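Numbering (the numbering used here), first residue to last: 554 to 753.
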């Protein structure tokens, strides 16, 4: 689905249509959200959309998607994991995600939305692990607000050529940034543990 189709959805069904598409489409048509949100920001700057309205509809649609994923994991996780484990590619992805969750805990939740491919899976697995919904919402909803603000702003304030480059290299730049941040956090945690041992 291209951005022209998103515009068509809004024209035909209003902002509610976009909200429902961002919510349900995350499970049916998994497109890179950085492409959608940055392009929506660009068209908002061109007065195709009302900026504040399209921003919050986008944010709420994404919130609905990750919350639904969490609920699926919490209440139907066993059956869904059993089905997903039958696919080798999906099983490896789940194993990798679970290792990251075990290693980084809430830090993994805070940054999962910046990493394509894990945006819907991580909320599902946190629900599956019976992670507190209040903590889940506080951490991930805040992260998503920051993410939508950044990516929407890229589209709103930057030119079309910059947006294309942003979408093209997003995975590489964000992947390196998140990896570097995770290494930094792990080093800090290990240093604290060493200091505690020395103090005892």
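Where a beta carbon is used, it is the ideal one built from N, C-alpha and C, also for glycine.
If you're wondering where the values come from, they're calculated on a predicted model, not measured in any experiment.
Taking 9 Å as the CB-CB cut-off, is residue 703 touching chain D? No chain D appears in the structure shown, which is made up of a single protein chain.
By the 10 Å Cβ neighbour count, where 16 or more other Cβ atoms means buried, how is residue 707 classified, buried or exposed? buried
For residue 743, which of 675, 656, 701, 689 has the nearest alpha-carbon? 656
Contact check, residue 618 vs residue 662, beta carbons under 9 Å: no
For residue 641, the first and last residue of its enclosing alpha helix (DSSP H): 641-657
Should the region 662-674 be regarded as contacting the region 693-711, the criterion being three or more beta carbon pairs within less than 8 Å? yes
Classify residue 733: buried if its beta carbon has 16 or more other beta carbons within 10 angstroms, exposed otherwise. exposed
So what does DSSP say about residue 680, is it helix, strand or coil? helix
C-beta contact flag for residue 616 and residue 607 at 9 Å: no
Can you tell me whether residue 636 is buried or exposed, with buried defined as 16 or more other CB within 10 angstroms of its CB? exposed
Return helix, strand or coil for residue 671, following the three-state DSSP convention. coil
Residue nearest to residue 645 in terms of C-alpha spacing, selected from 564, 590, 687, 671: 671
So what does DSSP say about residue 582, is it helix, strand or coil? coil
Secondary structure of residue 561, DSSP reduced to three states: helix
Alpha helix (DSSP H) containing residue 694: first to last residue? 686-710
Take residue 638 and list the residues in its own chain whose beta-carbon comes closer than 8 Å to its own, dropping the five residues that flank it on each side. 644, 647
Whole angstroms is fine: what's the gap from residue 573's alpha carbon to residue 561's? 14 Å
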